[in-house]
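Student: The sequence shown lines up with residues 0 to 403 when you count with numbering that gives the first Met the number 0. Note that CB positions come from ideal geometry on N, CA and C, so glycine has one too.
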Amino acid sequence: MATKLFLILPFITLLIPSGFAQCNKEKALPYFRRSVYEFSLNLISRIAQENENHFVASGLSPWTLLSAVSLGAADDTLDEIRQVLRLHRHKCFNSKFFELAQDLTAGDEDTVLERSSTCFVDNRLPLNQVFRDRIKKTKITGLEELQFDDFTVVANTINNYVSAATHGNINEIVEPAELQGVYIILIDALFFKGAWKHQFSPEETEYSAFYDERGNQIGDVQLMFRNHKVNYTYVNQIGASALELPYGTNDRFSMLLLLPQQGNTVSSVLDNMKSITLSTIFKLFEQTGLENVVIQIPRFTITSELNNMKEWLTDMGLKTMFDSNLAKFPDISDYSLYISEIVQKATVTVNEEGTEASVVTAAEFEGRSMSPQFTANRPFLFMIVDKQLELALFTGAYSKPSAI
Numbered sequence: 000m001a002t003k004l005f006l007i008l009p010f011i012t013l014l015i016p017s018g019f020a021q022c023n024k025e026k027a028l029p030y031f032r033r034s035v036y037e038f039s040l041n042l043i044s045r046i047a048q049e050n051e052n053h054f055v056a057s058g059l060s061p062w063t064l065l066s067a068v069s070l071g072a073a074d075d076t077l078d079e080i081r082q083v084l085r086l087h088r089h090k091c092f093n094s095k096f097f098e099l100a101q102d103l104t105a106g107d108e109d110t111v112l113e114r115s116s117t118c119f120v121d122n123r124l125p126l127n128q129v130f131r132d133r134i135k136k137t138k139i140t141g142l143e144e145l146q147f148d149d150f151t152v153v154a155n156t157i158n159n160y161v162s163a164a165t166h167g168n169i170n171e172i173v174e175p176a177e178l179q180g181v182y183i184i185l186i187d188a189l190f191f192k193g194a195w196k197h198q199f200s201p202e203e204t205e206y207s208a209f210y211d212e213r214g215n216q217i218g219d220v221q222l223m224f225r226n227h228k229v230n231y232t233y234v235n236q237i238g239a240s241a242l243e244l245p246y247g248t249n250d251r252f253s254m255l256l257l258l259p260q261q262g263n264t265v266s267s268v269l270d271n272m273k274s275i276t277l278s279t280i281f282k283l284f285e286q287t288g289l290e291n292v293v294i295q296i297p298r299f300t301i302t303s304e305l306n307n308m309k310e311w312l313t314d315m316g317l318k319t320m321f322d323s324n325l326a327k328f329p330d331i332s333d334y335s336l337y338i339s340e341i342v343q344k345a346t347v348t349v350n351e352e353g354t355e356a357s358v359v360t361a362a363e364f365e366g367r368s369m370s371p372q373f374t375a376n377r378p379f380l381f382m383i384v385d386k387q388l389e390l391a392l393f394t395g396a397y398s399k400p401s402a403i
C-alpha cells in the first residue's frame with residue numbers, strides 16, 4: 000500500500016437529493032469538472048491558510064452534498080448555493096452530477112475507491128414524499144429512519160456506520176450531545192486505498208533535513224527515494240514543478256505533487272491554480288513525455304479535523320442556509336429546517352509500499368546527478384486525482400516535518 004485516505008464529510012442536518020433530468024453525461028462532465036474545481040480551490044485555500052499549509056481535505060465531497068441540497072432550496076438560499084458552487088444555469092446538467100457521482104467507485108487488487116452515504120432521519124419528522132422519491136430515484140444516498148430520543152443510541156449507530164465505511168480508520172464523527180435539536184444527519188464517507196504502480200525501496204529511505212519556505216531548517220523527515228521514468232514538468236503558470244506518481248495498473252488514479260520553485264510559496268501556488276485546470280497539467284505531461292527523474296518525497300501521515308467548515312462556507316457566500324430564520328428548504332418537510340453544522344475528518348498515509356516492484360540498482364542510484372531531481376524537502380502540495388473524471392478526490396499540503 001502506498002497511499003491510504005479516508006474521509007468523512009459532513010455532519011449535516013439536511014440534504015435534498017433530486018431526480019435526474021434527461022441529458023447527456025458526456026456534455027455535462029466539463030461543467031461538472033469546472034464547478035467542482037473552482038469550488039474546491041476556494042475552499043482549500045481557506046483551509047490551507049488556517050492550517051498553516053499542513054492538512055488533507057476534499058472539496059469534492061461538500062460540493063456533492065451542497066449541489067444535492069440546492070435541488071430542495073428556494074429563494075436566497077438557492078441563489079447563494081448556485082453562485083458559490085458554480086452550478087450550471089440548466090438543471091439537466093446539474094442533475095447529471097448524480098449519475099457522475101455513481102462513477103466515483105472503483106476496485107481492483109491495486110486500488111480501491113469507495114463512497115458511502117446515508118441520510119439518518121428522526122422518524123418523528125414528517126418527510127415530504129418528494130424527498131423520499133428523490134432519494135430512491137437518484138440513489139445518491141441511503142435513507143435510514145431512527146428515533147432520536149436516545150442520543151447515545153443514535154450516535155453509536157452513526158459512528159458504527161462511519162467505522163465500517165472507513166474500514167475502521169475513523170470511528171467517531173458525532174457525539175450524543177451534538178444531536179440536540181437535530182432532525183436529519185447526512186454522513187458521506189470517501190475511502191481511498193492505493194498501491195504505487197512502482198514502489199519505493201525501503202532500503203533507500205534516508206533521514207534528511209526539511210526546510211520552510213524561507214530556507215530555514217525546521218526538522219527532519221524520512222525521504223523515500225526512487226529513480227524512474229515518470230510524468231514530470233514545470234508549470235510556469237503556477238510557479239511549481241509537477242510530478243505524477245500513478246497507482247495500480249489501470250492508469251485511473253495517481254498522486255500529483257506540486258513543489259513550488261525556490262522563493263515561491265504553497266499559498267501562491269494554490270492561488271495560481273485558479274488560472275489553470277488539471278487538464279492543463281496533464282497536457283503538459285503529454286507534451287514533455289516520460290522522463291527519468293530522481294524522486295525524493297517524505298513518508299508522512301496527516302490527519303485533519305476540519306471543524307470550521309461552516310465558517311469557511313459562510314465566508315464564501317453560503318449564508319442563509321445556516322440561518323434558522325432565513326434558510327429555505329421546502330421540499331424536505333413542512334417543518335422549518337436549516338443546516339446547523341458541517342465537519343470533515345480526513346487522514347492520509349504515504350509510504351514506500353506498492354504492488355509492482357521496481358528495483359533501483361546501484362547504477363541508477365549513482366546516476367542521481369544526471370537526471371532531473373524532484374526533492375520534496377520543503378513545503379509542497381499533493382492531490383489524489385481520478386484521471387478518468389479529471390477530478391481531485393483529495394488535496395493536501397505538507398509543511399510540518401516529522402519522521403515516521
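Looking at the structure shown, is LEU325 part of a helix, part of a strand, or coil, going by DSSP?
Tutor: Three-state result, LEU325: coil.
Student: Can you tell me where the beta strand (DSSP E) with PRO297 in it begins and where it stops?
Tutor: It spans 289-297 - the beta strand (DSSP E) in which PRO297 sits, taken as one unbroken run.
Student: State yes or no: is the C-beta of LEU380 within less than 8 Å of the C-beta of LEU269?
Tutor: Contact flag set, yes.
Student: Report the residue from ILE80, VAL111, ASN350, ALA241 whose alpha carbon sits nearest the alpha carbon of THR279.
Tutor: The shortest C-alpha separation from THR279 is found at ALA241.
Student: Would you mind reading off the limits of the beta strand (DSSP E) that contains ILE217?
Tutor: Start and end: 216-234.
Student: Let me check one thing: in DSSP terms, what residues is GLY71 bridge-paired to?
Tutor: In DSSP, GLY71 forms no bridge with anything.
Student: To the nearest whole angstrom, what separates the beta carbons of ALA396 and ALA47, a pair I think is in contact under 8 Å?
Tutor: With 8 Å as the limit, ALA396 and ALA47 qualify as a contact, their Cβ atoms being about 6 Å apart.
Student: So for LYS399, helix, strand or coil by DSSP?
Tutor: Of the three classes helix, strand and coil, the one that applies to LYS399 here is coil, per DSSP.
Student: Please list, in chain order, all residues of the same chain as LEU99 whose beta carbon is under 8 Å from its beta carbon, the five residues on each side excluded.
Tutor: Taken in chain order, the residues that qualify are LYS24, ALA27, LEU28, PHE31, LEU388.
Student: Which residue's Cα is closest to the Cα of SER39: ALA176, CYS22, ILE341, LEU312?
Tutor: Closest option to SER39, Cα to Cα, is LEU312.
Student: How many Å lie between SER253 and GLN198 at the Cα?
Tutor: Spanning the two alpha carbons is a distance of roughly 13 Å.
Student: Compare the beta carbon distance of ASN291 and LYS196 with 8 Å and say whether it is the shorter of the two.
Tutor: The answer is no: Cβ separation not under 8 Å.
Student: Straight-line CA distance for PHE321 to PRO61?
Tutor: Their Cα atoms are separated by approximately 15 Å.
Student: Suppose you measure from the CA of ASP385 to the CA of THR348; what does that come to, to the nearest Å?
Tutor: So the two alpha carbons sit approximately 18 Å from each other.
Student: Could you say which of VAL153, LYS136, THR137, LYS138 lies nearest to GLU144 if we only look at CA atoms?
Tutor: The residue with the shortest Cα to Cα distance from GLU144 is VAL153.
Student: Would you please state the rounded distance, in angstroms, between the beta carbons of GLU340 and LYS318? I believe it to be under 8 Å.
Tutor: Not quite, the Cβ-Cβ distance comes to about 15 Å (not below 8 Å), so this is no contact.
Student: Apart from the five residues on each side of it in sequence, which residues of its chain come closer than 8 Å, Cβ to Cβ, to VAL129?
Tutor: For VAL129, where only same-chain residues beyond five positions count, the Cβ hits under 8 Å are ASP330.
Student: What is the rounded straight-line gap between the Cα of GLY193 and the Cα of VAL111?
Tutor: Approximately 6 Å between the Cα atoms of the pair.
Student: Rounded to whole angstroms, what's the CA-CA distance from LEU13 to TYR231? Just pull it up for me.
Tutor: Per-residue confidence for LEU13 stands at a pLDDT of 44, beneath the threshold of 50, marking its modelled position as unreliable; the derived number appears in the next sentence. If you take the alpha carbons of LEU13 and TYR231, they lie about 43 Å apart.
Student: Which of helix, strand or coil does DSSP assign to ILE134?
Tutor: Note: ILE134 maps to helix in three-state DSSP.
Student: What separation, rounded to the nearest whole angstrom, lies between the Cα atoms of THR104 and ALA163?
Tutor: Straight-line Cα distance between these residues: approximately 16 Å.
Student: Here's the rule I'm using: 16 or more other beta-carbon atoms within 10 Å means buried, otherwise exposed. How should GLY71 be labelled?
Tutor: Buried is the call here.
Student: Determine contact between the stretch 64-79 and the stretch 295-304, defined as no fewer than three beta-carbon pairs at a distance below 8 Å.
Tutor: Verdict: no, contact absent.
Student: I'd like the span of the alpha helix (DSSP H) that includes CYS118, first residue to last.
Tutor: Element bounds for CYS118: not the alpha helix (DSSP H) but the beta strand (DSSP E), 110-121.
Student: In three-state terms, what does DSSP make of LEU185?
Tutor: Looking at LEU185 - three-state DSSP - the assignment turns out to be strand.
Student: For my contact list, THR346 and VAL161 are in at a C-beta cut-off of 8 Å; report their separation, rounded to the angstrom.
Tutor: Not a contact, Cβ separation roughly 13 Å.
Student: When we look at the beta-carbon of ALA176 and count the other beta-carbons within 10 Å, is it buried (16 or more) or exposed?
Tutor: By the 10 Å Cβ count, ALA176 comes out exposed.
Student: Using 10 angstroms around the beta-carbon of ASN306, count the other beta-carbons present and answer buried if the total reaches 16, otherwise exposed.
Tutor: That one is exposed.
Student: Taking the C-alpha atoms as reference points, what is the distance between TYR337 and ASN41?
Tutor: Cα-Cα distance, rounded: 23 Å.
Student: To the nearest angstrom, how far is the alpha carbon of ARG114 from that of GLY262?
Tutor: C-alpha separation (whole angstroms): 39 Å.
Student: Go through its chain and collect everything with a Cβ distance to GLN236's Cβ below 8 Å, but skip five positions before and after it.
Tutor: So the qualifying residues of the chain are ASN271, SER274, ILE275, THR279.
Student: Measuring straight from C-alpha to C-alpha, what distance separates HIS166 and PHE191?
Tutor: Looking at the two C-alpha atoms, the distance is approximately 10 Å.
Student: Assuming ASP107 and ASN249 make a contact with CB atoms under 8 Å, what is their CB distance in whole Å?
Tutor: ASP107 to ASN249, Cβ: 7 Å. Contact.
Student: Buried or exposed for ARG225, going by 16 or more other Cβ atoms inside 10 Å?
Tutor: By the 10 Å Cβ count, ARG225 comes out buried.
Student: Does DSSP put PHE209 in a helix, in a strand, or in coil?
Tutor: Looking at PHE209 - three-state DSSP - the assignment turns out to be strand.
Student: With distances taken between CB atoms, is the gap from GLN221 to THR204 smaller than 8 Å?
Tutor: Yes, these two residues count as a Cβ contact at 8 Å.
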